[in-house]
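Protein chains in written order, with the numbering used here: chain A, 5 to 123; chain B, 5 to 123.
There are 2 protein chains.
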Amino acid sequence: MTTVSTVVDDYIAAWNERDEERRLELVQRAFATDGTYLDPARSGAGTEGIAAMIAEAQGHFPDHHIELVADPDAHHDRVRFTWQLFPEGAGPILTGYDYATVAEDGRLRDVTGFAEPVG
Amino acid sequence: MTTVSTVVDDYIAAWNERDEERRLELVQRAFATDGTYLDPARSGAGTEGIAAMIAEAQGHFPDHHIELVADPDAHHDRVRFTWQLFPEGAGPILTGYDYATVAEDGRLRDVTGFAEPVG
Numbered sequence: 005m006t007t008v009s010t011v012v013d014d015y016i017a018a019w020n021e022r023d024e025e026r027r028l029e030l031v032q033r034a035f036a037t038d039g040t041y042l043d044p045a046r047s048g049a050g051t052e053g054i055a056a057m058i059a060e061a062q063g064h065f066p067d068h069h070i071e072l073v074a075d076p077d078a079h080h081d082r083v084r085f086t087w088q089l090f091p092e093g094a095g096p097i098l099t100g101y102d103y104a105t106v107a108e109d110g111r112l113r114d115v116t117g118f119a120e121p122v123g
Numbered sequence: 005m006t007t008v009s010t011v012v013d014d015y016i017a018a019w020n021e022r023d024e025e026r027r028l029e030l031v032q033r034a035f036a037t038d039g040t041y042l043d044p045a046r047s048g049a050g051t052e053g054i055a056a057m058i059a060e061a062q063g064h065f066p067d068h069h070i071e072l073v074a075d076p077d078a079h080h081d082r083v084r085f086t087w088q089l090f091p092e093g094a095g096p097i098l099t100g101y102d103y104a105t106v107a108e109d110g111r112l113r114d115v116t117g118f119a120e121p122v123g
């Protein structure tokens with residue numbers, strides 16, 4: 005059983021990890037085996053599918069990283085958390101609002117991403 | 005087929021409607037027949053169950069109402085929207101962050117509510 009805070013930290017780390025093997029490990033720690041992801045621009049299913057989706061997204065945002073804005077807010081099997089996207093050496097350009105359901109073992113089952121430009 | 009904006013307006017109106025019959029009508033316009041709702045304090049299933057849940061919540065917040073903070077943000081079958089809770093004649097005391105999945109006919113299928121105090 006993993007805490008929701010650890011799972012969300014692993015999820016954020018997966019989006020930032022450029023090494024393929026370590027990225028997949030982080031996705032496997034963050035997501036249930038049959039986990040899914042959906043945002044306006046992309047979708048992924050299963051840990052390998054989600055890791056490949058993240059790799060492709062990273063290609064569109066080289067030298068960017070994301071950071072959690074605040075501790076996740078969770079109740080029952082639901083969690084929401086807010087993050088921001090930073091280009092290298094600059095302030096945030098995008099705020100993300102993610103919402104997820106959580107599997108019985110504490111990992112994320114279905115993540116929905118929303119985002120809007122900063123400012 | 006209803007637009008997500010209309011459905012969310014009906015949802016907000018249902019939370020503010022003190023007349024039992026009109027409240028149920030608004031819930032039926034906002035939610036699929038088998039719709040569900042879950043927040044940290046309460047849950048409801050089916051339109052009649054959700055209407056009864058809202059009536060009970062209103063009992064805890066007499067003379068309060070909620071207002072949408074911005075247009076809903078939607079993609080695929082997902083929507084999020086933010087609202088605030090106002091006591092009569094005063095500024096907002098609570099901000100709510102709701103996430104929902106949308107049924108094929110455009111009505112809300114599963115709403116998850118989160119909230120945090122203002123300020």
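C-beta atoms are modelled at their ideal positions from N, C-alpha and C, and glycine is treated no differently.
Notebook entry, point to check: Are any of the Cβ atoms in chain B nearer than 8 Å to that of A/R113?
Noted result: As a working note, residue 113 of chain A is residue 109 in the first sequence. It does not: the Cβ of A/R113 has no partner Cβ on chain B nearer than 8 Å.
Item checked: Beta-ladder partner(s) of A/S47, from DSSP -> Position 43 of the first sequence holds residue 47 of chain A. Beta-bridge partners assigned by DSSP to A/S47: A/L42.
Next item on the list: Check A/I97 in the structure and name its three-state DSSP category.
Entry: By one-based count along the first sequence, residue 97 of chain A stands at place 93. Three-state result, A/I97: coil.
Next item on the list: State yes or no: is the beta carbon of A/F85 nearer than 8 Å to at least one beta carbon in chain B?
Entry: On the first sequence, residue 85 of chain A is found 81 positions in, with the first residue counted as 1. No, its Cβ sits nowhere closer than 8 Å to a Cβ of chain B.
Check: Which residue or residues does DSSP assign as beta-bridge partners of A/T105?
Finding: Working through the first sequence from its first residue, we reach residue 105 of chain A at position 101. DSSP, once it has assigned bridges, lists A/R82 and A/D114 as partnering A/T105.
Margin query: Just to make sure I have the definition right: I need the residues of chain B whose C-beta is within less than 9 Å of the C-beta of A/H69. Which are they?
Written below: Start at 1 with the first residue of the first sequence, and residue 69 of chain A comes out as number 65. None at all; the shortest Cβ gap to chain B is about 23 Å.
Check: Between the beta-carbon of B/N20 and the beta-carbon of B/H69, is there less than 8 Å?
Finding: In the second sequence, the residue the question calls residue 20 of chain B occupies position 16. In the second sequence, the residue the question calls residue 69 of chain B occupies position 65. Going by C-beta atoms, B/N20 is nearer than 8 Å to B/H69.
Next item on the list: Less than 8 Å between the CB atoms is what I'm expecting for A/T51 and A/Q32, so what's the real figure, rounded?
Entry: Position 47 of the first sequence, counted from the first residue, corresponds to residue 51 of chain A. Position 28 of the first sequence, counted from the first residue, corresponds to residue 32 of chain A. Contact flag correct, Cβ pair sits at about 5 Å.
Checklist line | First through last residue of the alpha helix (DSSP H) which encompasses A/E29 | finding: Mapped onto the first sequence, residue 29 of chain A falls at position 25. Where A/E29 is concerned, the enclosing alpha helix (DSSP H) stretches over E24 to A34.
Item checked: Nearest residue (CA-CA) to A/A18, options A/G63, A/R84 and A/I54 -> Taking the first sequence and counting its residues from 1, one reaches residue 18 of chain A at position 14. With distances taken between Cα atoms, A/A18 lies closest to A/I54.
Notebook entry, point to check: Using the beta-carbon of each residue, which ones in chain B are nearer than 9 Å to A/T116?
Noted result: In the first sequence, the residue the question calls residue 116 of chain A occupies position 112. Going along chain B in sequence order, the residues near A/T116 (Cβ under 9 Å) are H79, H80, R82, R84, Y103 and T105.
Check: Can you tell which of A/R84, A/I97, A/R26 and A/V83 has its C-alpha closest to the C-alpha of A/I58?
Finding: One-based indexing of the first sequence puts residue 58 of chain A at position 54. Per the Cα distances, A/R26.
Margin query: Just to check my reading of the structure: A/Y103 and B/R84 have Cβ atoms closer than 8 Å, yes? What is that Cβ distance to the nearest angstrom?
Written below: If you number the first sequence from 1, residue 103 of chain A lands on position 99. If you number the second sequence from 1, residue 84 of chain B lands on position 80. About 7 Å separates the two Cβ atoms, so the contact holds.
Note to self: Less than 8 Å between CB atoms is the rule here; does B/P44 satisfy it with respect to chain A?
What the structure shows: What you label residue 44 of chain B is simply residue 40 of the second sequence in a count that begins at 1. Under the Cβ distance rule, B/P44 counts among the residues neighbouring chain A, one pair being separated by less than 8 Å.
Next item on the list: Report yes or no: do three or more beta-carbon pairs, one from the segment 33-44 of chain B and one from the segment 91-102 of chain A, lie closer than 8 Å?
Entry: Under the Cβ criterion (8 Å, minimum of three pairs), the segment 33-44 of chain B does not count as touching the segment 91-102 of chain A.
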